[in-house]
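What follows is the structure, given as structure tokens:
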């Protein structure tokens, strides 16, 4: 067994900071996915044998730099486009990072308490991986959730890709962490534990090879030609009423040039107006193009319920059928103010248009060219459990977004990476139309068929094939992996209880 060197505490904290910051490079646009194995292993190695308080501090520093770099783009949204003062923007981003850093910190602290002075061994590796992913899952729903930068998101093109249609991104996170910690056991463990660790890696490797060969869904014979319209409307012009006609004219012009497509998709809120205000003026112009080219449209706009006064961020389809879908999972402070009685003062400092919207209801399905498509609007694509609610009817997926909010930051690349994971999890093509990039057509294996550049007027053209069938993840969602991890966690807790009870006697 090899002991970790007794380094001075400032040096250990520096290592944690570097490991947390480097973990961000495991995700897009860098996509060095190997770092998602190395960096958590560093945290695991240094937590071994430490007290809960010490482990918490190591995990917290790790998390501060992980999320401090990873979600730094939130500053762009709040300050540059929300026009909040510099100090308020910095404080809000700092609060977010401080909260997110709690998750790796709690992982490390709880592991330390459950394992208590244990050296590196396979059971400890299993415990650490399980705790990490359970806290990823909690992060995905607590306070409306923020399942961004899950370890599994980085593995759309790695050997772990085959886990995504089986157990989703959380399952891929778990396998990645398990491999990471078992390799640490091979380095730091006793001879016996090294042998067990090596033996444990063999079935994992075999399972990965087999999982990668399975095709869970079946393509239909019919192909569809799609056009994703990226008009590159700057965020500062999008809500200028004087620019409305110019914006709509640009979308019409780009669409008319691609009437030979079967489906044309416009981004989130491409029409910066209520449906009721354009249904008798602009919508007929769109219907003419649809009829002339025998093309179906999906466009983003706002809808309004006059009875309740509620406003919805929506998409509508035109052509063979007209249908609507209203966004269900809204962005806190961007599309609504949570705890309005307490946090309403923020509205005086952050200028976000349409920040008082309501959540829609119903399944995320629309019809285009005789096929059901699973629809998600912007941030909704990060919630795998919600995307699969369109199954099994959906033959392909559509995500529309206004990533102009993020500016030239890491966010559009990370957003696209998450969309690639959703395509693999469901075994469907995913069409992603954004206002300023990155728009893309993603195949069922997560590969990008074609994508746009950022901040450029562009139309992404490709052919897709509708798919039928269900992946295990489409059938069970996150419930399968959470059931597995909960069972493991229960066994770990019972073992800890038995150990403490035996020590008293």
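In the numbering used here, the protein residues as written are 19 to 523. Ideal placement from N, C-alpha and C gives every residue a C-beta, glycine not left out.
State the start and end residues of the unbroken alpha helix (DSSP H) segment that holds residue i.
| i | result |
| --- | --- |
| residue 295 | 293-296 |
| residue 272 | 262-274 |
| residue 531 | Outside the shown range of the chain, which is 19 to 523, sits residue 531, and nothing can be said about it. |
| residue 301 | 301-311 |
| residue 127 | 120-133 |
| residue 256 | 253-256 |
| residue 433 | 429-444 |
In whole angstroms, give me the CA-to-CA distance for residue i and residue j.
| i | j | result |
| --- | --- | --- |
| residue 386 | residue 70 | 55 Å |
| residue 470 | residue 268 | 17 Å |
| residue 332 | residue 315 | 14 Å |
| residue 28 | residue 196 | 28 Å |
| residue 33 | residue 167 | 20 Å |
| residue 292 | residue 393 | 19 Å |
| residue 309 | residue 89 | 44 Å |
| residue 449 | residue 464 | 11 Å |
| residue 169 | residue 121 | 13 Å |
| residue 305 | residue 337 | 7 Å |
| residue 520 | residue 513 | 10 Å |
| residue 150 | residue 183 | 21 Å |
| residue 295 | residue 327 | 15 Å |
| residue 380 | residue 222 | 39 Å |
| residue 220 | residue 194 | 14 Å |
| residue 299 | residue 174 | 44 Å |
| residue 274 | residue 346 | 31 Å |
| residue 283 | residue 239 | 22 Å |
| residue 537 | residue 457 | Residue 537 is absent from the model: the chain starts at 19 and stops at 523. |
| residue 79 | residue 177 | 30 Å |
| residue 254 | residue 427 | 17 Å |
| residue 406 | residue 473 | 31 Å |
| residue 147 | residue 311 | 53 Å |
| residue 534 | residue 107 | Residue numbering for the chain in the displayed model covers 19 to 523; residue 534 lies beyond these limits and cannot be assessed. |
| residue 61 | residue 501 | 26 Å |
| residue 47 | residue 97 | 23 Å |
| residue 66 | residue 136 | 7 Å |
| residue 30 | residue 202 | 17 Å |
Determine the burial state of residue i: buried for a count of at least 16 other Cβ atoms within 10 Å of its Cβ, exposed for fewer.
| i | result |
| --- | --- |
| residue 45 | buried |
| residue 224 | exposed |
| residue 209 | exposed |
| residue 13 | This structure gives no information on residue 13, because the portion of the chain shown stretches from 19 to 523. |
| residue 231 | exposed |
| residue 516 | exposed |
| residue 9 | Missing from the structure shown is residue 9; the chain here goes from 19 to 523 and no further. |
| residue 489 | buried |
| residue 180 | buried |
| residue 191 | buried |
| residue 348 | buried |
| residue 217 | exposed |
| residue 422 | buried |
| residue 339 | exposed |
| residue 511 | exposed |
| residue 452 | buried |
| residue 24 | exposed |
| residue 131 | exposed |
| residue 52 | exposed |
| residue 256 | buried |
| residue 444 | buried |
| residue 287 | buried |
| residue 82 | buried |
May I ask which residues mark the beginning and end of the beta strand (DSSP E) holding residue i?
| i | result |
| --- | --- |
| residue 248 | 242-248 |
| residue 319 | 314-322 |
| residue 342 | 341-344 |
| residue 478 | 476-482 |
| residue 390 | 389-395 |
| residue 259 | Taken as a continuous stretch (DSSP letters only), residue 259 belongs to no beta strand (DSSP E), as it is neither H nor E. |
| residue 454 | Note, residue 454: premise wrong, no beta strand (DSSP E); not H, not E. |
| residue 418 | 414-419 |
| residue 492 | Note, residue 492: premise wrong, no beta strand (DSSP E); alpha helix (DSSP H) at 490-494. |
I'd like to know whether the C-beta of residue i is nearer than 8 Å to at least one C-beta of chain D.
| i | result |
| --- | --- |
| residue 295 | You won't find chain D in this structure, because it holds only one protein chain. |
Below 8 Å, how does it come out for the segment 429-436 and the segment 260-272: are there three or more Cβ pairs, yes or no? At 8 Å Cβ cutoff, the stretches do not touch.
Counting Cβ pairs, one atom from each stretch, are 3 or more of them under 8 Å apart for the segment 50-63 and the segment 30-39? With the cut-off at 8 Å, the segment 50-63 and the segment 30-39 touch.
Three or more C-beta pairs below 8 Å linking the segment 390-406 and the segment 154-167: With the cut-off at 8 Å, the segment 390-406 and the segment 154-167 touch.
Would you check if the segment 124-139 and the segment 88-97 touch, i.e. whether three or more CB-CB distances between them fall below 8 Å? As far as the Cβ criterion goes, the segment 88-97 does not touch the segment 124-139, which means the pair count is below three.
Those runs of the alpha helix (DSSP H) which lie wholly inside the segment 131-168 and span at least 4 residues: As for any alpha helix (DSSP H) of minimum length 4 sitting wholly inside the segment 131-168, the runs are 140-157, ordered along the chain.
contact_flag[the segment 137-145, the segment 99-116] where n(CB pairs < 8 Å) is 3 or more: Remark: fewer than three beta-carbon pairs, one from each stretch, lie closer than 8 Å, so the segment 137-145 and the segment 99-116 are not flagged as touching.
Do three or more CB pairs link the segment 238-247 to the segment 474-481 at distances below 8 Å? Look at the beta carbons and you see the segment 238-247 touching the segment 474-481: at least three pairs across the two are nearer than 8 Å.
Is it the case that the segment 404-414 contacts the segment 376-391, given that we only count it when at least three CB pairs across the two stretches are under 8 Å? In short, these stretches touch, since the Cβ pair count reaches three.
Quick check for students: name the residue ranges of the alpha helix (DSSP H) that lie wholly in the segment 41-69, counting only runs of 4 or more. Within the segment 41-69, complete alpha helix (DSSP H) segments of at least 4 residues are found at 53-65, given in chain order.
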